[in-house]
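According to the working numbering, the sequence shown is numbered sequentially starting from 187. Glycine residues also receive a C-beta, built at the ideal position from the N, C-alpha and C atoms. As the structure is a prediction and not an experimental result, all values here were calculated from the model.
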Amino acid sequence: MSVFHDDLELDEALDEIDPLRHLMHQSDDDDDEPKALIPKQLHSVQGETLQLSFSGPQHLVEIALAVDASPGCGGIAWPAGEVLSSYLTKRGPDFVHGRSILELGSGTGLVGLVAAKLQLQRTKPTSTASVWITDQAPLLGIMHRNVQLNDLNSTVVVAELNWGTPLPPSLPTPDLILAADCVYFEPAFPLLVQTLCDLVDAGTGDAKETEVLFCYKRRRKADKRFFGMLRKAFTWDEVTDDPDKIAYNREAITLLRLSRRKPSSLQSRIQN
């Protein structure tokens, strides 16, 4: 037990020194040369623009994505974000059509931008935005830049949202919440769970339950602490209709659909 806690403390100390270190892994042999999980992108770059494309059965989504590590680890393209973007594209425009969508921990805004472009394949731009991408203040600049790069100013709103704080009154009540690569900093675990609860509970009066798609890459032993907190408020099932599932599971990436626990079921569990 003491060794386990010592490992966690060491992980946390190293995370503060280098938040991006989990994007690298050692090769399977005994050499000390690290291998990039996403070799197509250098994560130390500043001011680079990537050209990303995601293919569906009958459609293509192309994204120009500015990345910049200077605001912190959120200013780059993380692997689970690409997995969730690919899944949305495979589900197609009908999946996001007419929905109010909010992305948590957007970073560059990739997943929300993909959702917005899919919506535009079904409808013309309107004066009412339908996709909100959110993160902390230091990342708002790069999100604004990416919205402009993709001509989505009329469709996407960039908003500051600090996990664990009361929801800003300007935020919509979403019926689809997207979260990718949000499990990386242990002190933020309870704050993320609280914000997920607040967003889903805000829509409990609607006839249709809010859908939450949550994609993460397993990197640390401490990740299980997050899911220990999450299961008190949510249940989840692994998404199984993604043809790429086997491939990204090999990279320790999982895509989940979360469901809010009902207060009545929680009470019955306590009584029983």
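Who are the near neighbours of residue i in its chain, counting only those whose CB is closer than 6 Å to its CB and skipping five residues on each side?
i	result
Ala366	Ala266, Gly267, Leu270, Val297, Cys401
His330	Val344
Ala388	Thr359
Leu353	Asp384
Leu362	Arg285, Ile287, Glu397
Which value, in whole angstroms, describes the spacing of the CA atoms of residue i and residue j?
i	j	result
Leu299	Trp264	15 Å
Ser445	Arg277	20 Å
Ile432	Ala345	34 Å
Leu274	Val425	12 Å
Gln322	Gly291	8 Å
Arg411	Ala374	11 Å
Gly284	Thr396	14 Å
Lys303	Arg406	33 Å
Asn332	Arg443	27 Å
Leu338	Pro376	32 Å
Ala301	Trp422	22 Å
Cys368	Leu399	12 Å
Arg404	Thr440	8 Å
If you drop the 5 nearest sequence neighbours on each side, which residues of the same chain put their C-beta closer than 7 Å to that of residue i?
i	result
Tyr434	Val269
Val379	Met415, Leu416, Ala419
Asp217	For Asp217, the predicted structure reports a pLDDT of 40, less than 50, and the residue's modelled location is therefore unreliable. The matter cannot be settled from this model.
Ile319	Glu289, Ser292, Gly295, Gly298, Met329, Val342, Val344
Please state whether DSSP places residue i in a helix, a strand or coil.
i	result
Thr341	coil
Val333	helix
Ala252	strand
Val247	strand
Leu238	strand
On the DSSP letters alone, give me the boundaries of the beta strand (DSSP E) that residue i sits inside.
i	result
Asp361	Neither: Asp361 is in no beta strand (DSSP E) and is coded neither H nor E.
Val502	With the chain covering only 187 through 458, there is no way to say anything about residue 502.
Leu288	287-290
Short of 8 Å in beta carbon distance, which residues of its chain neighbour residue i, apart from the five on each side in sequence? Order them along the chain.
i	result
Thr235	Ala250, Leu251, Ala252, Val253, Leu335
Ser356	Ala345
Can you give me the start and stop residues for the alpha helix (DSSP H) that residue i sits inside?
i	result
Leu444	Careful: Leu444 lies outside any alpha helix (DSSP H), inside the beta strand (DSSP E) at 439-446.
Leu270	265-277
Gly298	296-306
In the region 387-430, which residue ranges form an unbroken beta strand (DSSP E) of at least 3 residues, counting only runs that do not cross its ends? 397-403, 420-424
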